[in-house]
Ligand code: SAM
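Numbering (the UniProt record's numbering), first residue to last: 1 to 280.
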C-alpha cells in the first residue's frame, strides 16, 4: 500500500468530492429521522497542508486555496464552514477529509462508521476523530468488506462513500463487486463512488459494469475536468457514479459544477458533465 492521501489533500478532486458530499449530508438532515453514513476508505480525517507530504506536491494550490477566493458564494457556505472550523487563526493550514466533514455535520441521532486499511493512517484517523461522538472507526480494516458487513443499517436511510486510491489494477472490479453486494443487501441506500479520470476507455467500461448490476435504481454520473482530457498520463478530472442521489441535492449540482469550472479551471477546456446512467 503506497498511496497516502496526505500528498493529495485539498486538491481539485477533494474539493469536487467534498463539496458534493457535504451537500448530500445536508439534504439528509432535512428530515428528523436518523441516518447512517458508511465511509469505506477513510484516510486520516484531517490533513496538514503545511506538512511534508502536502508541501511536496502543493496540490491544494489548485484546489481549496483557489476555491477560497470565492468563499462568499452561498453554495460553498456549508462546506467552507467545516474547513474554516479547523482554521481559526492559521490561514487555512488544515484540511478536513471525508470522515471529518461527515462527523462535523452529524446530529445526535445520526451515525458514521468509517474504515481504513493502512495501519498507520488508521491509527491517525482514530486519534483525529476521537472527539466526535456517534463515530466508529474500524482500522485496520478492509472497507470493501464493510458493504456486506455493515449493510443494511438499522436507520433505513443513509449514504455510502466509496473512495478508493485506485492504485491496484483491478480496483474498478473490486468496486463493482463490493457495490453489487451492497445493493443486494440495501437497494435503497445512496452510494457515491468516486473515481479518477485518467483513461476514458476504462471509465466507459466501469459505467457499463455499474449499469449491469441487478436491482440498481436511479444512478447519476457527475464529472469535473479542470483541464482538457488528453492522452497524456495523469489525472485530468474525476467523477462520481452516484446511485440513488439524495433528491434535493439534484438542483444544486449544475450550479455547483459551474462554480467549480469557473473557480478551478486550469485551461480553457475545463468542463463538467451530469448525466443519468440509469434514469428514474
Ligand atoms: N475518503 C477520504 C477523504 O475524502 O478524505 C480519502 C480516501 S483516500 C482516496 C483512500 C484511502 O483508502 C487511503 O487512505 C488508503 O490507505 C485506504 N485504503 C486502500 N485500500 C483500502 C481498503 N481496501 N479498505 C479501506 N481502506 C483502504
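Idealized CB from N, CA, C, for every residue including glycine.
CB contact flag (residue i, residue j, <8 angstroms)
i	j	result
residue 221	residue 192	no
residue 7	residue 56	yes
residue 134	residue 100	no
residue 313	residue 226	In the structure as shown, the chain begins at 1 and stops at 280. Residue 313 is therefore absent and cannot be evaluated.
residue 182	residue 151	yes
residue 112	residue 37	yes
residue 194	residue 240	yes
residue 158	residue 140	no
residue 206	residue 110	no
residue 46	residue 94	yes
residue 260	residue 16	yes
residue 246	residue 24	yes
residue 269	residue 228	yes
residue 171	residue 164	yes
residue 218	residue 280	yes
residue 29	residue 107	yes
Cutoff 6 angstroms; reference residue i; Cβ partners in own chain excluding five residues on either side
i	result
residue 138	115
residue 248	27
residue 173	none
residue 198	235
N-terminal and C-terminal residue of the beta strand (DSSP E) that residue i is part of
i	result
residue 186	Looking at the DSSP string, residue 186 is not in any beta strand (DSSP E), and its letter there is neither H nor E.
residue 53	That residue, residue 53, is in no beta strand (DSSP E); its alpha helix (DSSP H) goes 52–57.
residue 161	158–162
residue 96	94–96
residue 39	36–39
Secondary structure of residue i, DSSP reduced to three states
i	result
residue 113	strand
residue 202	helix
residue 219	strand
residue 241	strand
residue 289	Since the first residue shown for the chain is 1 and the last is 280, residue 289 is missing from the structure and cannot be characterised.
residue 65	helix
residue 273	strand
residue 282	Nothing in the structure corresponds to residue 282, since the chain is present only between 1 and 280.
residue 17	helix
residue 3	coil
residue 44	coil
residue 267	coil
residue 170	coil
residue 140	coil
residue 105	helix
Distance, residue j Cα to residue i Cα
i	j	result
residue 117	residue 162	13 angstroms
residue 40	residue 144	7 angstroms
residue 32	residue 49	36 angstroms
residue 71	residue 64	10 angstroms
residue 59	residue 91	17 angstroms
residue 98	residue 86	14 angstroms
residue 66	residue 54	15 angstroms
residue 214	residue 187	10 angstroms
residue 244	residue 1	31 angstroms
residue 297	residue 200	Residue coverage of the chain in this structure runs from 1 to 280, which leaves residue 297 outside it and unanswerable.
residue 124	residue 61	24 angstroms
residue 177	residue 89	45 angstroms
Sequence-distant residues of the same chain with beta carbon closer than 7 angstroms to residue i, five excluded per side
i	result
residue 126	137 and 139
residue 18	79, 98 and 101
residue 237	197, 223, 224, 225, 226 and 229
8 angstroms CB neighbourhood of residue i in its chain, flanking five on each side removed
i	result
residue 258	272
residue 256	19, 20, 23 and 75
Boundaries (first-last residue) of the alpha helix (DSSP H) holding residue i
i	result
residue 147	143–149
residue 229	That residue, residue 229, is in no alpha helix (DSSP H); it is neither H nor E in DSSP.
residue 84	77–85
residue 121	119–128
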